[in-house]
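Asker:
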Amino acid sequence: MASRLRAAVGIDWSLLTPVRGLVTALPVGACVGVPLLFHQPSTAVVMGVAANLIAIISLVGAPVIPLRYAVADGVLMAISVVLGNLTGSLPWLHLAILVPWCVVAGAAVSLGLTPGVMGSQAIVAYVVLGRFADSPAQAVHIGLLFLAGALIEITALLLLRLPPSLRHQRHTLAAALRTVADYARSPAATSGFPALTQIDQARRVLTSSSLLGRSDARDLRSITEALRRVRLGVVTLNGLREQFGDSPAVARHLRLVGGVLDQAALVVEDPDEIGSFDESLRLVTEGQRTRDLDGVGPAHTLVQRRLEELDLALDELRRHLLEEADDVVEGAWKVDLRWRRPRPVTWRTPLGVLVETLKSDNPARRHAIRLTLAVVVADVLARSFHLPRGYWVAFSVAVILKPDYSTLFSRGVGRVVGTLLGASLAALLVALLHPTTLVSALLVFALAVFAYATWSASFAVSIGLVTALVLVILSLTLSNTPATAFDRLLDVSLGALLSFATYLLWPSPAGTDTDDALTRLSESLESYLELSVEALDGRPDPNRLRAVSRSAHFRFHEATLAHGRDLVEPNRNDDLLALHQSRLDGGRRLLRAIHALRFEADRGARVPAGDLGLDPRRPEPSPALSLEMRLLVGEIALSRARLRGE
Numbered sequence: 000m001a002s003r004l005r006a007a008v009g010i011d012w013s014l015l016t017p018v019r020g021l022v023t024a025l026p027v028g029a030c031v032g033v034p035l036l037f038h039q040p041s042t043a044v045v046m047g048v049a050a051n052l053i054a055i056i057s058l059v060g061a062p063v064i065p066l067r068y069a070v071a072d073g074v075l076m077a078i079s080v081v082l083g084n085l086t087g088s089l090p091w092l093h094l095a096i097l098v099p100w101c102v103v104a105g106a107a108v109s110l111g112l113t114p115g116v117m118g119s120q121a122i123v124a125y126v127v128l129g130r131f132a133d134s135p136a137q138a139v140h141i142g143l144l145f146l147a148g149a150l151i152e153i154t155a156l157l158l159l160r161l162p163p164s165l166r167h168q169r170h171t172l173a174a175a176l177r178t179v180a181d182y183a184r185s186p187a188a189t190s191g192f193p194a195l196t197q198i199d200q201a202r203r204v205l206t207s208s209s210l211l212g213r214s215d216a217r218d219l220r221s222i223t224e225a226l227r228r229v230r231l232g233v234v235t236l237n238g239l240r241e242q243f244g245d246s247p248a249v250a251r252h253l254r255l256v257g258g259v260l261d262q263a264a265l266v267v268e269d270p271d272e273i274g275s276f277d278e279s280l281r282l283v284t285e286g287q288r289t290r291d292l293d294g295v296g297p298a299h300t301l302v303q304r305r306l307e308e309l310d311l312a313l314d315e316l317r318r319h320l321l322e323e324a325d326d327v328v329e330g331a332w333k334v335d336l337r338w339r340r341p342r343p344v345t346w347r348t349p350l351g352v353l354v355e356t357l358k359s360d361n362p363a364r365r366h367a368i369r370l371t372l373a374v375v376v377a378d379v380l381a382r383s384f385h386l387p388r389g390y391w392v393a394f395s396v397a398v399i400l401k402p403d404y405s406t407l408f409s410r411g412v413g414r415v416v417g418t419l420l421g422a423s424l425a426a427l428l429v430a431l432l433h434p435t436t437l438v439s440a441l442l443v444f445a446l447a448v449f450a451y452a453t454w455s456a457s458f459a460v461s462i463g464l465v466t467a468l469v470l471v472i473l474s475l476t477l478s479n480t481p482a483t484a485f486d487r488l489l490d491v492s493l494g495a496l497l498s499f500a501t502y503l504l505w506p507s508p509a510g511t512d513t514d515d516a517l518t519r520l521s522e523s524l525e526s527y528l529e530l531s532v533e534a535l536d537g538r539p540d541p542n543r544l545r546a547v548s549r550s551a552h553f554r555f556h557e558a559t560l561a562h563g564r565d566l567v568e569p570n571r572n573d574d575l576l577a578l579h580q581s582r583l584d585g586g587r588r589l590l591r592a593i594h595a596l597r598f599e600a601d602r603g604a605r606v607p608a609g610d611l612g613l614d615p616r617r618p619e620p621s622p623a624l625s626l627e628m629r630l631l632v633g634e635i636a637l638s639r640a641r642l643r644g645e
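Residue numbering for the sequence shown follows numbering that gives the first Met the number 0, starting at 0 and increasing by one per position.
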């Protein structure tokens, strides 16, 4: 418990993002400051709150939030504001609309983290800003002001995030290289997913439209693709190490590979370091010529092949590093007119998922019902006891209550602690400074910068600063900020207690999320296996193979996270946890065995699909199958059975 409390309120200083904080805060400051210049404090409050909510959704979806999500979030919240204001004077109608709003918002967690937060923000906009209009015209006016603030934040982020240089991109790629280096030096059972995540992040920051025409960016993208091959080679070798025993020679070679990747990171940050990289690569090449792998036989042959392919991937990485270093000398700007036709985007799939979620018995539907009941009870209690700003109780339930206990605990504790600190800070600032409108605008901007810069480093600290930010914004139209701060602290505490009580009274069924995640992992691995077998059969599809390989990695990570959440559930089942851990181990070994099968196809091996013995109709491998391939097929069969829980 103590460690979980420390994790909920701790801060990781290495994750501070001051540039992101500054860029994200600029439009928030503008949305507050410009209306104040024209003596419109109410407008400043509405637009400032809207910009702040969009800023938060951009941080949740960092490093890149899809534009359609940001716009949809702004429009959905604006509609919520209008509906809330239109029905605010009629409590029964206000509650009647709140119910379906909460149901859909709760079910949105089935679409992912960002849509789930969008649903929570729609509830927040409805219950917090949906109670100030005296007429339908004023309700529409407030909604339009809110939409304007949201669109200003979105537009500013689109413009301000165009990188003027590649410093950020180089730093991100260097971090990916170092993560893969650490993975190469780790024990064989270590997950390769963190390395994949870092590589994907490097790819995202290098695919911005602002980099069109820059050959140095194209070279960095090539380095990223070469790094992907290196990581895949390390993953496959680790799978073979687990299956056939950990050879000291292989472990020693992988440590040298880690050193090469560390030097490559230095080259990306400073191309003058290319000499040090060549020296590190020379050590690996000499090691490749002199390494003495223990044992003989098919397992030895498989490992030797994988090591040779890893060395080739390192050579490819060196070539791209040299090309990138030459570009730095010659100049980055060259003509590159390649263009990708945008894929059409529809809402049909997300809507179908929402409908299916609400029709079937699953944790997302249970969360939707639980959230609806808790928010409605919070709203009724606040009205019944005439709490001065009781809408913050419903607000707190909407943002704290989560589908699993682990996230509920960390977010609940973090928000209460953060609100305590933020409310105290806001009350102190207003009491000591008695800020003018200009000082208030500067305070809003400063608090926004620090709040957004600490978002990744500490949820509690960031929420505390966001609380102080909102209270300073509200002080533009409210006279008693200390009382407002106390009310917010009280209401957030009540909302947190109600959230915990609701979850504990009706917790999510133990292991359901993990069962679903393991089913999705099994389906993804079967697709990966099918395409790898087709490649061995002479029908390779490299693009689809890369896609399903990445999907399988993400599915494995998703199942691992779900299992981790089950470990802290109050109604956990130890026998079920042990079974899930065994199935996860089977999934990891199956993923790595399929990698090895795919590498055999990449190096030119050709085996008819029916000879492998992986088809239930022909469960026995062909007698003509090589010993190396028999080992892989046997590992795949055992791992598949373990993943199924057999």
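Yeah, the Cβ is synthetic: ideal placement off N, Cα and C, and Gly gets one too.
As the structure is a computational prediction, the values presented were derived from the model and not from experiment.
By the three-class DSSP mapping on this structure, what secondary structure does Ala77 have?
Answerer: Numbered from 1 along the sequence shown, position 78 holds the residue referred to as residue 77. Here DSSP, grouped into helix, strand and coil, assigns Ala77 to helix.
Asker: Out of Ala188, Gly232, Gln120, point me to the one whose CA is closest to Ala54's CA.
Answerer: For the purposes of this step, residue 54 is identified with residue 55 of the sequence shown, where counting begins at 1. Checked all of Ala188, Gly232, Gln120; the closest Cα to Ala54 is Gln120.
Asker: Within 8 Å, do at least three Cβ pairs link the region 139 to 155 to the region 39 to 48?
Answerer: yes
Asker: If the criterion is Cβ atoms closer than 8 Å, does the pair Arg564 and Ser409 meet it?
Answerer: Here residue 564 is taken as the residue at index 565 of the sequence shown, counted from 1. Here residue 409 is taken as the residue at index 410 of the sequence shown, counted from 1. No. Outside cutoff.
Asker: Answer with buried or exposed for Trp100, where buried requires no fewer than 16 other C-beta atoms within 10 angstroms of its C-beta.
Answerer: Here the question's residue 100 lines up with position 101 in the sequence shown. Buried, by the Cβ-count rule.
Asker: Enumerate in chain order the residues of its own chain whose CB-to-CB distance from Leu400 is below 6 Å, with the five nearest sequence positions on each side excluded.
Answerer: Counted from its first residue, the sequence shown places residue 400 at position 401. Cβ within range, chain order: Leu370, Ala373, Ser498.
Asker: When the distance is taken between beta carbons, is Ala551 closer than 8 Å to Arg597?
Answerer: Residue numbering aside, residue 597 sits at position 598 when the sequence shown is read from its first letter. Residue numbering aside, residue 551 sits at position 552 when the sequence shown is read from its first letter. Cβ distance not < 8 Å, so Arg597 and Ala551 don't count as in contact.
Asker: Looking at Ala312: is its Cβ nearer than 8 Å to the Cβ of Val229?
Answerer: Here residue 312 refers to the residue found at position 313 of the sequence shown. Here residue 229 refers to the residue found at position 230 of the sequence shown. The answer is yes: Cβ separation under 8 Å.
Asker: In or out: Thr223 buried (at least 16 other Cβ within 10 Å) or exposed?
Answerer: Residue mapping note: residue 223 aligns to position 224 of the sequence shown, counting from 1. Classification for Thr223: buried.
Asker: Buried or exposed for Leu219, going by 16 or more other Cβ atoms inside 10 Å?
Answerer: The sequence position of residue 219 within the sequence shown is 220, counting from 1. Counting Cβ neighbours within 10 Å, Leu219 comes out buried, since at least 16 surround it.
Asker: From Leu419 to Gly32, what distance separates their C-alpha atoms?
Answerer: Taking the sequence shown and counting its residues from 1, the one referred to as residue 419 is at position 420. Taking the sequence shown and counting its residues from 1, the one referred to as residue 32 is at position 33. Computed Cα separation, rounded: 26 Å.
Asker: Any idea what DSSP makes of Asp269, helix, strand or coil?
Answerer: For the purposes of this step, residue 269 is taken as residue 270 along the sequence shown, with counting starting at 1. The answer is coil: DSSP assigns Asp269 none of H, G, I, E or B.
Asker: What is the rounded straight-line gap between the Cα of Ala367 and the Cα of Ala71?
Answerer: For the purposes of this step, residue 367 is identified with residue 368 of the sequence shown, where counting begins at 1. For the purposes of this step, residue 71 is identified with residue 72 of the sequence shown, where counting begins at 1. Looking at the two C-alpha atoms, the distance is approximately 20 Å.
Asker: Any idea if Ala188 is buried or exposed, counting beta-carbon neighbours within 10 angstroms, 16 or more meaning buried?
Answerer: Position 189 of the sequence shown, counting from 1, holds the residue named residue 188. Ala188 should be labelled exposed.
Asker: Within the same chain, show all residues whose beta-carbon is closer than 8 Å to that of Arg339, passing over the 5 residues directly before and after it, in chain order.
Answerer: Residue mapping note: residue 339 aligns to position 340 of the sequence shown, counting from 1. For Arg339, the predicted model reports a pLDDT of 40, less than 50, meaning its position is unreliable; a value from the coordinates is still stated below. Correct list: empty, nothing qualifies.
Asker: I'd like the list of long-range same chain contacts for Gly411, defined as Cβ closer than 7 Å, with 5 residues on each side in sequence excluded.
Answerer: As a first step, residue 411 must be located in the sequence shown, where it is residue number 412. Excluding its 5 nearest sequence neighbours in each direction, Gly411 has C-beta neighbours in its own chain below 7 Å: Ile399, Ala495, Ser498, Phe499, listed in chain order.
Asker: Among the residues of its own chain, which have a CB less than 6 Å from the CB of Gly105, if the five just before and after it don't count?
Answerer: Start at 1 with the first residue of the sequence shown, and residue 105 comes out as number 106. Answer for Gly105: His366, Ala367, Leu370, listed in chain order.
Asker: Considering only their Cβ atoms, is the gap separating Leu386 from Val267 smaller than 8 Å?
Answerer: If you number the sequence shown from 1, residue 267 lands on position 268. If you number the sequence shown from 1, residue 386 lands on position 387. For Val267 and Leu386, no; Cβs fall outside 8 Å.
Asker: So is Glu522 buried or exposed if we call it buried at 16+ other beta carbons inside 10 Å?
Answerer: On the sequence shown, position 523 is the one that residue 522 refers to. Classification for Glu522: exposed.
Asker: Taking C-alpha atoms, which residue in Leu442, Ala546, Gln580, Asn570 lies nearest to His703?
Answerer: Here the chain comprises residues numbered 0 to 645, so residue 703 is not present and cannot be evaluated.
Asker: Report all residues from its chain with a CB closer than 8 Å to the CB of Gly47; omit the five preceding and five following residues, and keep chain order.
Answerer: What you label residue 47 is simply residue 48 of the sequence shown in a count that begins at 1. Answer for Gly47: Val27, Cys30, Val31, Gly148, Val443, Ile472, listed in chain order.
Asker: Check each candidate in Leu468, Ser395, Val448, Ala445 and name the one with the smallest Cα separation from Ser423.
Answerer: As a first step, residue 423 must be located in the sequence shown, where it is residue number 424. Answer by Cα proximity: Leu468.
Asker: Quick one: residues in its chain with C-beta nearer than 7 Å to the C-beta of Leu172, no 5 flanking neighbours on either side, listed in chain order?
Answerer: Translated into positions along the sequence shown, residue 172 becomes position 173. Within the same chain, Leu172 has close Cβ partners Ala201, Leu219, Ile222, Thr223, Val267.
Asker: When burial is assigned at 16 or more other CB atoms within 10 Å of the CB, is Gly87 buried or exposed?
Answerer: Residue mapping note: residue 87 aligns to position 88 of the sequence shown, counting from 1. Under this definition Gly87 is a buried residue.
Asker: Which value, in whole angstroms, describes the spacing of the CA atoms of Ser457 and Asp574?
Answerer: As a first step, residue 457 must be located in the sequence shown, where it is residue number 458. As a first step, residue 574 must be located in the sequence shown, where it is residue number 575. Approximately 34 Å, taken between the alpha carbons.
Asker: Check for me: the alpha helix (DSSP H) holding Asp584 runs from which residue to which?
Answerer: Taking the sequence shown and counting its residues from 1, one reaches residue 584 at position 585. It spans 573 to 601 - the alpha helix (DSSP H) in which Asp584 sits, taken as one unbroken run.
Asker: Quick check for students: name the residue ranges of the beta strand (DSSP E) that lie wholly in the region 79 to 140, counting only runs of 3 or more.
Answerer: none
Asker: Once DSSP output is grouped into helix, strand and coil, what is the label at Asp536?
Answerer: For the purposes of this step, residue 536 is identified with residue 537 of the sequence shown, where counting begins at 1. If DSSP states are grouped into helix, strand and coil, Asp536 belongs with coil.
Asker: Which residues bound the alpha helix (DSSP H) around Asn542?
Answerer: Within the sequence shown, the letter at position 543 stands for residue 542. For Asn542, the enclosing alpha helix (DSSP H) has its first and last residue at 541 to 565.
Asker: What span of residues does the alpha helix (DSSP H) with Asn51 cover, start to end?
Answerer: Locating residue 51 in the sequence shown gives position 52, where the first residue counts as 1. Its alpha helix (DSSP H) spans residues 40 to 59.
Asker: Please determine if the region 298 to 305 and the region 233 to 252 are in contact, where contact requires at least 3 C-beta pairs separated by less than 8 Å.
Answerer: Taking a contact to require three or more Cβ pairs closer than 8 Å, the region 298 to 305 and the region 233 to 252 qualify as touching.
Asker: Buried or exposed for Arg318, going by 16 or more other Cβ atoms inside 10 Å?
Answerer: Residue numbering aside, residue 318 sits at position 319 when the sequence shown is read from its first letter. So Arg318 counts as exposed.
Asker: Among residues of its own chain, excluding the 5 on either side of Ala484, which ones have a beta-carbon nearer than 6 Å to its beta-carbon?
Answerer: Start at 1 with the first residue of the sequence shown, and residue 484 comes out as number 485. These residues qualify, in order along the chain: Ala422, Ala425, Ala426, Leu470.
Asker: Can you give me the Cβ contacts of Leu75 inside the same chain, cut-off strictly under 6 Å, excluding the 5 residues immediately before and after it?
Answerer: Position 76 of the sequence shown holds residue 75. Excluding positions up to five away in sequence, the list reads Ala121.
Asker: How long is the line joining the alpha carbons of Arg227 and Ser79, rounded to whole angstroms?
Answerer: For the purposes of this step, residue 227 is taken as residue 228 along the sequence shown, with counting starting at 1. For the purposes of this step, residue 79 is taken as residue 80 along the sequence shown, with counting starting at 1. Cα-Cα distance, rounded: 44 Å.
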